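K.L.:
One structure coming up, written as structure tokens, with questions to follow.
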Amino acid sequence: MSNLDLSIYQTSEKLSAQQKKFNRLLEKIEQLQMVLADWQQAQKQVQEDARDELLPLYRQWHHVLFAQLETLWQYKNTHKIAKTYLVRLDEKISILASQLLNNPNLSEQQHELTLIIAQHYELIEESADAEEVSSHVNDHSHQAHDADEMMQKQAIKEMIADQIGIPVAWLDFDLDLNNLDAFMEKVKDKLDREEANFIQNQLNEDERDEYQKFAEKEKKKILKKQTQLEEAKKMAGQSLKSIYSKIAALIHPDREQDEQKRIEKTELLQQANAALEEKDLLTLLKLRVFTAQGDQEQATKIANEHLKSYNLLLEEQVEKLQFEIDDIIYSFDWIGSGFYKQRFKPVDLIKKYQRDLADIQAKLLRDEKRLNDYKDFDYLKILLKSRAFSWSFE
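With my numbering, the residue at position 265 of the sequence shown is 265, and numbering never jumps.
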């Protein structure tokens with residue numbers, strides 16, 4: 001229903017500032033709604049593809065890594081290996097055990113062997129009770145998850161720093177992804193402290209007075225906008241039925257003699273009924289303006305009636321839509337997949353998935369080859385001569 005804007009019955013030259021803003025916000029909202037839908041579709045597609053393709057490959061890869069661990073562990077306990085090479089073998093086994101601790105893709109029997117090996121290399125304490133062992137195991141198994149979470153936190157910090165206009169390093173406190181409000185409160189507190197320090201130490205008495213006046217003025221503006229927004233929300237709730245009543249009174253499809261017009265008006269009334277049921281103020285307002293287009297004076301009156309307050313609601317909706325989009329975007333590890341762009345599009349998510357898929361396929365092929373190499377003990381001895389053997393994962 002993008003045609004239901006104020007430009008239908010008035011040229012842009014005749015529109016008031018609030019009417020022009022209303023149109024711009026409607027257009028922005030519709031654009032963001034389409035962008036959000038595209039991101040949601042891309043996210044759903046990637047999640048479905050990951051379930052069918054990516055996760056099975058990761059399970060297969062983890063089983064191959066366990067087979068490497070088991071093979072090398074058996075060699076350590078059954079074959080004579082030179083001391084220099086044994087150090088490298090121990091390092092490799094330790095790394096594999098650490099990587100596989102509490103891996104959900106391992107069987108119970110595989111998990112038990114991994115625990116035994118981890119205890120041997122003191123990755124966890126052999127004498128620890130069950131709760132302590134579980135704690136240590138979880139620490140190791142969540143290393144990859146922690147890395148992903150750290151990169152997600154960094155991405156959010158970069159976005160906030162860009163919006164505020166500060167260096168990322170300035171945000172030197174932890175971010176809880178489940179409590180963004182607490183993080184923003186810390187940001188506000190630090191800004192307030194630095195502002196107070198600036199006023200006290202960098203300004204003379206006259207400058208401090210001027211700055212305080214400016215700050216008070218800005219705070220009043222913010223408080224006024226918050227009050228207006230609350231009033232607009234309250235008014236919006238009260239206005240739904242009144243707007244609907246005006247639409248119904250203007251349309252009257254049952255009184256229309258022309259069959260085609262009666263059908264069109266009936267459809268409009270059905271849209272209004274649905275909007276009222278869903279408490280969709282935006283659609284009702286657009287329908288209200290649309291139904292008054294034949295009466296220039298009435299249309300102008302409607303367009304300006306409470307429009308400033310409605311625009312505040314639309315601005316809030318724009319912010320919420322943008323936040324939903326950003327929430328999807330920054331839920332993914334872009335840097336880890338080699339993406340360093342500042343702005344992302346849904347097509348980038350598909351590209352990222354394809355890159356991640358190719359990466360795990362390459363890892364699987366590489367480690368399957370290594371497993372075959374390890375099974376040949378004579379060839380393994382040749383590999384152990386390389387200093388890179390113990391850390392050759394990537």
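The beta-carbon is built from N, C-alpha and C at its ideal position, and this holds for glycine as well. Treat the numbers as computed from the prediction; the structure is a model and nothing was measured.
Can you find the residues in the same chain that come closer than 6 Å, C-beta to C-beta, to Arg262, ignoring five residues on each side of it along the sequence?
P.N.:
Short of 6 Å from the beta carbon of Arg262, and not among the five residues preceding or following it, lie these beta carbons of its own chain, in chain order: Pro253 and Glu256.
K.L.:
Taking only the alpha-carbon atoms, compute the straight-line gap between Asn311 and Pro167 and give it to the nearest angstrom.
P.N.:
32 Å
K.L.:
In angstroms, rounded to a whole number, what distance separates the CA positions of Leu240 and Leu276?
P.N.:
Rounded to the nearest angstrom, the two C-alpha atoms are 7 Å apart.
K.L.:
Which one of Leu250, Glu91 and His63 has the shortest CA to CA distance from Gln110?
P.N.:
His63
K.L.:
Where do the N-terminal and C-terminal ends of the alpha helix (DSSP H) with Val318 fall, by residue?
P.N.:
Leu307 to Ile329
K.L.:
Taking 6 Å as the limit between beta carbons, can you name the residues of its chain near Phe377, skipping five residues before and five after?
P.N.:
none
K.L.:
Helix, strand or coil for Tyr374 per DSSP?
P.N.:
helix
K.L.:
Assess, as a yes-or-no matter, whether the stretch 46–64 is touched by the stretch 26–34 under the definition of 3 or more beta carbon pairs within less than 8 Å.
P.N.:
no
K.L.:
Report back the beta-carbon spacing between Ile117 and Leu65 to the nearest angstrom; my notes put them in contact at under 8 Å.
P.N.:
The Cβ separation is near 12 Å, so there is no contact.
K.L.:
Among the candidates Ile360, Asp373 and Ala37, whose CA atom is the shortest distance from the CA of Ala50?
P.N.:
Ile360
K.L.:
From which residue to which residue does the alpha helix (DSSP H) around Phe22 run?
P.N.:
Here the alpha helix (DSSP H) through Phe22 covers Ala17 to Asp49.
K.L.:
Kindly indicate which three-state DSSP category His63 falls into: helix, strand or coil?
P.N.:
helix
K.L.:
Closer than 6 Å by C-beta to Ser94: which residues in its own chain qualify, once you throw out the five before and the five after it? Chain order, please.
P.N.:
Tyr121
K.L.:
Residues in its own chain within less than 6 Å of Leu113 by CB, not counting five upstream and five downstream?
P.N.:
none
K.L.:
In the structure shown, what three-state DSSP assignment does Asn273 receive?
P.N.:
helix
K.L.:
Quick one: what's got a C-beta closer than 7 Å to Lys375's C-beta in the same chain, skipping five residues either side?
P.N.:
Thr71
K.L.:
Going by other Cβ atoms of all chains shown within 10 Å of its Cβ, with 16 needed for buried, is Pro104 buried or exposed?
P.N.:
exposed
K.L.:
Leaving aside the five residues before and after Phe389 along the sequence, list all residues of the same chain whose C-beta is less than 7 Å from its C-beta, in chain order.
P.N.:
Arg88, Lys92 and Leu383
K.L.:
If you compare alpha carbons, which of Glu205, Lys213, Leu96 and Asp367 is closest to Trp61?
P.N.:
Asp367
K.L.:
Suppose you measure from the CA of Phe198 to the CA of Arg343; what does that come to, to the nearest Å?
P.N.:
Answer to the nearest angstrom: the Cα atoms are 34 Å apart.
K.L.:
By how many angstroms is the C-alpha of Ile335 removed from the C-alpha of Ile325?
P.N.:
18 Å
K.L.:
Do Ala274 and Tyr244 have their beta-carbon atoms positioned less than 8 Å apart in this structure?
P.N.:
no
K.L.:
By DSSP, does Lys345 sit in helix, in strand, or in coil?
P.N.:
Residue state, collapsed to three classes: coil.
K.L.:
Apart from the five residues on each side of it in sequence, which residues of its chain come closer than 7 Å, Cβ to Cβ, to Leu357?
P.N.:
Glu53 and Leu54
K.L.:
Would DSSP call Ser98 helix, strand or coil?
P.N.:
helix
K.L.:
Would you call the CB atoms of Trp39 and Ile350 closer than 8 Å?
P.N.:
no
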